């Protein structure tokens, strides 16, 4: 989406590489670790036709696989969506799957309705510390994938309504630039195995769980606030 192009221009070269993964998701197909993958099946119990990916897929219709998936197997943290471009209008059903090749039936509200799929966290190093910020609740719409401290989120300022943490550390989010203002320490609550490593996972599906009204302007690795918010991942599939 063009929103990422503006962000890439304004940031340093190291940040540009992070955002480039969002501008050009097809690049991931050539560099992704096989430890992070997903398989969609058109039948229950992993039967029927199969669609495999290690990549962001904004529109399964391009592969003649929209509105087909009934069950899924996945390694890593994956989100399936009812609409194309990851429910980009901020509406539609979603479902989060995480594990190490675990298989599950999709809920009835999404069975035979999946149109897009993407993963959260690093596609290359599964346990790399990261926070993914989303422009809508329930991990919908545009995202910003962050793996280091950012003093300013630029055009993503005040646009965070949900988040997913993966990796070894909690993250602290701030209402102002440069780690100022109200600070909330977001802590993951679950560890899953991906490949042969343990990955901490934390889901924060709404701004209420984030302890904000979407107003986040800087983020920092580690816990730098006494105001600690634990994720509720185990309840948020």
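Numbering (mature numbering (1 follows the signal peptide of the UniProt record, and there is no 0)), first residue to last: -29 to -1, 1 to 208. Idealized CB from N, CA, C, for every residue including glycine. None of the values given here were measured: they were computed from a predicted structure.
Determine the direct distance from the alpha carbon of residue j to that of residue i, and round the result to whole angstroms.
i, j, result
"residue 101", "residue 150", "17 angstroms"
"residue 164", "residue 48", "11 angstroms"
"residue 138", "residue 93", "9 angstroms"
"residue 16", "residue 124", "42 angstroms"
"residue 195", "residue 154", "8 angstroms"
"residue 172", "residue 112", "20 angstroms"
"residue 13", "residue 122", "44 angstroms"
"residue 181", "residue 157", "7 angstroms"
"residue 43", "residue 179", "29 angstroms"
"residue 4", "residue 115", "Note that residue 4 scores 44 on pLDDT, short of 50, meaning its location in the model is unreliable; the coordinates nonetheless yield the value given after this. Using only the alpha carbons, I get a separation of about 21 angstroms."
"residue 175", "residue 140", "15 angstroms"
"residue 40", "residue 200", "34 angstroms"
"residue 131", "residue 21", "34 angstroms"
"residue -5", "residue 166", "Caution applies to residue -5, whose pLDDT of 39 falls short of 50 and renders its modelled position unreliable; the value that the coordinates give is listed next. Residue -5 and residue 166: Cα-Cα distance of roughly 22 angstroms."
"residue 96", "residue 52", "24 angstroms"
"residue 60", "residue 27", "18 angstroms"
"residue 83", "residue 177", "26 angstroms"
"residue 103", "residue 117", "6 angstroms"
"residue -8", "residue 71", "Because residue -8 sits at a pLDDT of 38, beneath the cut-off of 50, its placement in the model cannot be relied upon, and the point is left open."
By the 10 Å Cβ neighbour count, where 16 or more other Cβ atoms means buried, how is residue i classified, buried or exposed?
i, result
"residue 25", "buried"
"residue 197", "exposed"
"residue 145", "buried"
"residue 33", "exposed"
"residue 98", "buried"
"residue 184", "exposed"
"residue 126", "exposed"
"residue 18", "exposed"
"residue -18", "Here the model assigns residue -18 a pLDDT of 34, short of 50, so the residue's position is not dependable, and the following value carries that caveat. Exposed is the call here."
The alpha helix (DSSP H) spanning residue i covers which residue range?
i, result
"residue 180", "178 to 181"
"residue 57", "55 to 58"
Given a cut-off of 8 angstroms, decide if residue j and residue i are closer than it, judged by their beta-carbon atoms.
i, j, result
"residue 128", "residue 192", "no"
"residue 110", "residue 79", "no"
"residue 162", "residue 152", "no"
"residue 6", "residue 46", "yes"
"residue 108", "residue 37", "no"
"residue 89", "residue 135", "no"
What whole-angstrom Cβ distance do residue i and residue j have, given they're in contact under 8 angstroms?
i, j, result
"residue 69", "residue 77", "Actually they do not touch by this definition, with Cβ atoms about 14 angstroms apart."
"residue 160", "residue 202", "4 angstroms"
"residue 30", "residue 56", "7 angstroms"
"residue 142", "residue 190", "6 angstroms"
Could you pull the start and end residues of the beta strand (DSSP E) that residue i belongs to?
i, result
"residue 73", "65 to 76"
"residue 171", "168 to 175"
"residue 155", "151 to 158"
"residue 194", "Segment: none, residue 194 is in no beta strand (DSSP E) and carries neither H nor E."
"residue 107", "Neither: residue 107 is in no beta strand (DSSP E) and is coded neither H nor E."
"residue 116", "114 to 117"
"residue 19", "18 to 24"
"residue 96", "Unbroken run through residue 96: none, as it is neither H nor E."
"residue 216", "The structure shown does not extend to residue 216, since the chain spans only -29 to 208, so no value can be given for it."
"residue 86", "Run containing residue 86: none; DSSP gives neither H nor E here."
"residue 43", "42 to 52"
"residue 34", "Where residue 34 is concerned, there is no enclosing beta strand (DSSP E), given that its DSSP letter is neither H nor E."
"residue 61", "No beta strand (DSSP E) contains residue 61, which DSSP labels as neither H nor E."
"residue 134", "133 to 138"
Would you please verify whether the beta carbon of residue i is less than 8 angstroms from any beta carbon of chain D?
i, result
"residue 124", "As a matter of chain content, chain D is missing from the structure shown, which is built from one protein chain."
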